[in-house]
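A.B. asks:
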Amino acid sequence: MLIDFVQHQFTQFDEMAARIQAAPEKYINFDSVSDFYKAKWLNDFPKGTTWSATGLDDGAEQFYAIIEYRTHFLSISCTEQIEIRCGIHRE
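Just so you know, we're using full-length UniProt numbering here: the sequence shown kicks off at 1 and counts up by one.
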């Protein structure tokens, strides 16, 4: 039996992205960019996932983050309302 570890990691990423989309209030609660980078749930994404965030410093109320694993991505935009998108980049 062969296990496709990359496919398993894509599934792990997609499942975590779905949890965030289903209950953003559980995950998106930051006072600073530093808080985002300290979020323990980031470790629930597969090894090799990258993320970056902007906003939230100097009293900013807007926040943007991108979380990516290979071609899969989750983008989070918090302005007047929270917008979360996930998908697959074209290769």
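Note that CB positions come from ideal geometry on N, CA and C, so glycine has one too.
Quantities reported herein were computed from a predicted structural model and do not represent experimental measurements.
What would DSSP say about residue 85, mapped onto helix, strand or coil?
C.D. replies: DSSP, read as helix, strand or coil, puts residue 85 in strand.
A.B. asks: Count the other CB atoms, across all protein chains shown, that sit within 10 Å of the CB of residue 65; report buried if there are 16 or more and exposed otherwise.
C.D. replies: buried
A.B. asks: Report, in whole angstroms, the separation of the C-beta atoms of residue 88 and residue 76, which I expect to be a contact under 8 Å.
C.D. replies: Going by Cβ atoms, the distance from residue 88 to residue 76 rounds to 17 Å, so no, they are not a contact pair.
A.B. asks: Report yes if the CB atom of residue 62 is closer than 8 Å to the CB atom of residue 79, and no otherwise.
C.D. replies: yes
A.B. asks: Among the residues of its own chain, which have a CB less than 7 Å from the CB of residue 28, if the five just before and after it don't count?
C.D. replies: 76, 78, 82
A.B. asks: May I ask you to report which of helix, strand or coil DSSP gives residue 91?
C.D. replies: coil
A.B. asks: Where does residue 28 sit, in a helix, a strand or coil, going by DSSP?
C.D. replies: coil
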